[in-house]
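Take my numbering: the final residue in the sequence shown is number 498, and no numbers are missing along the way.
Backbone N, C-alpha and C define an ideal beta-carbon position, used for all residues, glycine too.
Worksheet: one structure, shown below.
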Amino acid sequence: GIAIAISSETGSDPAPRTIPESLKDKPNIVFIMCDALRADHLGCYGYPHAETPVLDSLAESAIRFHDAYAQASWTKPSTATLFTALYPSGHKTYLKPDVLPDDVTTVAEVFQSAGYHTIGFPNNINISPSFNFDQGFTDYIYLAPDYFFGANESTSKLTYYAILRKVREGFLVSSKYPRHYYQEAAIVNQHAIDYIVRHGNTDRFFLYLHYMEPHDPFFVHPFNGVGYARVTMPNPDPSWAEAFRAAYDQEIAYMDHRIGELFDALKAQKLWDNTVILVTADHGEEFYDHLGWWHGTSLYQELIRIPMIIKLHAEAAEIRPPTVRLDRARHIDVAPTLLGLAELPAPETMSLGRNLFAVGEDILRDITVFAEEDHEGNVLSAFIEGPWKVITANEGNPRGLAEDELYRLDIDPLEKQNRTTVEPDVLHTMKSGLELSRYSAMTGAVERQTKTLSEDEISKMRELGYIQE
C-alpha cells in the first residue's frame, strides 16, 4: 500500500522525546472511526447475530451512548463535523470536491497547541490531506489503496478513474480484494502499533484511526475474492440484502478482532489506564430498509444512528462508573467532550456541541438532533425532538424521497409509518424546530455550557432515567 505522509519530522528521530510537564497529568486520546458502522449491528446495541466481543467488552467497562447521532450520512461532512463540532452548513464541507476550510478550528489543532503529539491514519480518500483534513496533525499519514492502472491519489479523484475502475470491476476481473479500495485493519494496526511502541511512553498523544471494513465493498471472510461493491452494483435487486448483511457482519467481526489487537498493544505498553478511547462511526449503511442502498442519500435511522462508546482514563473513570447513557449524543459533542476529558478549553467555534461529561441545565432536558445532507442531488434535513423525527427533502430529488416525512420513534423505531397526514400540527411544530436548528447550524448561534457534572446532577440523571447501570 501507498502511505502519503504529512509530517513535521524528517529522517531519523531527533533528540529523545519527553512528555511536557504541563501534560504529565493528562490522558492520551485514541479516536477510532469505524466507517459505515450501524449501531444496530453491534452486540452491545442488542444485535443478536453480532460477533463483536472486543467492542462489547469495551462497552461494559466504558460509557455507551445508546442514542448517538451523526450530523450527515457520508464520510466527508461527518468527519468534518467530528473534527470541528460544526454542522455541515457551518464547516461547508459537504460536496465531493469540498476542502475543509483553513479557518475552521479542528480538535487536533487544539490538542496540538496544548503540546500533544497529534497523529492520524486516515484511510478514506474523502478525508485525505488533499482535502485539508490534516489541519492540526503533526503526522497525518493517508493509507492510500493500491490504485488500479498505476493511478495515484490525485488521479483517483478524477471522473475517468471511476469509469475505468467500473469497467475493470464489471468486466475484466470478477474477484475483489480490500487493498484496491482501502488498506485493511491489519495495515492500520501496523502503523498505529508501531507508533505506540516507539513513542507511546514519550509522547502525550492524540491518535486518530480510521478502519474501513464496514464500508463497501462488503468482503466475505476469510477473504476469497468475493465482495459486494457499490461501484458495480449501484442499485441491486432487493434479493441481495441478506448476502450483503451477512458479509457486512463478517467485516465488522474482522474489524472487531483487529481493534482487539490494538487494545492489547496499548495494554502491553502500560498505556491503557491513562488513555481515553472513543469509538464511533461516521454514518451507517442501508440494506434496502427504505428501498435504498449504501449511504449518503437519506437520513433514516439506519444511516444517522451510530455507535458511540467512550472509555475514560482511570482518574475520570473513578467518578463515572460504567453506564449506559440514554440522553442523546451527537457528532457535534465529540470534540468538546474529548477536550473536556483532557481538561482543555474548547474554542468558541465548538459552542454548538456539549461536553457529554460537563453539563449545565441542558442535560436535564431533551437534547434535539439536527442532520443535513447535500449529496448527489439530494438536499435533505432531519430534526429529532422528544419521540418525533421529521425529514425534509428537495422537490424532485433523485432518490425519490417524499418532501416531508414524520415518524414517532418510540413506537416506530424503524420509521415505517409516515404520519404527516395524521399529525399535521406536529409536522408544523417539528418543521419550525428544524428551521431554527438550520439557522443555528449555519451561524453557530448557541451558548456553551461548561459546568462540570456534580454528584447531584449524576443522581438527577439517574432519577430521570438518562443513566442505566
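- Under the DSSP assignment, D403 falls in the beta strand (DSSP E) whose first and last residues are 398-404.
- Contact fails between the stretch 121-128 and the stretch 206-216, because fewer than three Cβ pairs, one in each stretch, are under 8 Å apart.
- Distances from the alpha-carbon of M62 to those of N161, K299, I339, T450 put I339 closest.
- Closest by C-alpha distance to V451, out of D163, Y210, F386, L435, is L435.
- An exposed status is given to D131, since fewer than 16 other beta-carbon atoms sit within 10 Å of its beta-carbon.
- Going by beta carbons, N426 and P56 fall outside the 8 Å limit.
- As the crow flies, the alpha-carbon of F112 is around 7 Å from that of A137.
- About 6 Å separates the Cβ atoms of Y145 and F234, confirming a contact at the 8 Å cut-off.
- With distances taken between CA atoms, A400 lies nearest to M471 out of A143, M471, P351.
- For the stretch 69-99, the full-length beta strand (DSSP E) segments reaching 3 residues or more read 92-94 along the chain.
- Distance from the CA of N253 to the CA of D311, rounded to the nearest whole angstrom, comes to 28 Å.
- The stretch 273-286 and the stretch 241-252 touch, with no fewer than 3 CB-CB distances between them shorter than 8 Å.
- In this structure, I288 sits near L84, with a CB-CB distance shorter than 8 Å.
- Counting every other CB atom within 10 Å of its CB across the protein chains shown gives P336 a total of 16 or more, marking it as buried.
- DSSP places T421 in the strand class (E or B) of the three-state scheme.
- With the rule of 3 Cβ pairs closer than 8 Å, the stretch 344-352 counts as touching the stretch 85-96.
- Bounds of the beta strand (DSSP E) holding S410 are 407-414.
- Between I361 and A114 the beta-carbon gap is near 5 Å, inside 8 Å, which marks them as a contact.
- With the rule of 3 Cβ pairs closer than 8 Å, the stretch 348-359 does not count as touching the stretch 456-466.
- P442 has its alpha-carbon roughly 21 Å from the corresponding atom of W103.
- Boundaries of the beta strand (DSSP E) harbouring I61: 57-63, taken from the DSSP string.
- In this structure, F412 is the residue among F412, S142, I440 with its C-alpha nearest to the C-alpha of Y116.
- Within the same chain, R67, D69, G313, E314, E315, F316, D318, H319 come within 8 Å of E331 by CB-CB distance, once the 5 residues on both sides are set aside.
- By the 16-neighbour rule on beta-carbons within 10 angstroms, E405 is exposed.
- Take G325, set aside five residues on each side of it, and the residues of its chain with a beta-carbon closer than 6 Å to its own are S102, W103, H404, in chain order.
- V133 and F160 have their C-alpha atoms spaced approximately 13 Å apart.
- Of the residues E414, H78, Y206, the one whose Cα lies closest to the Cα of A258 is Y206.
- Secondary structure remark: continuous beta strand (DSSP E) runs of at least 3 residues inside the stretch 304-384, in chain order: 304-309, 337-340, 352-354.
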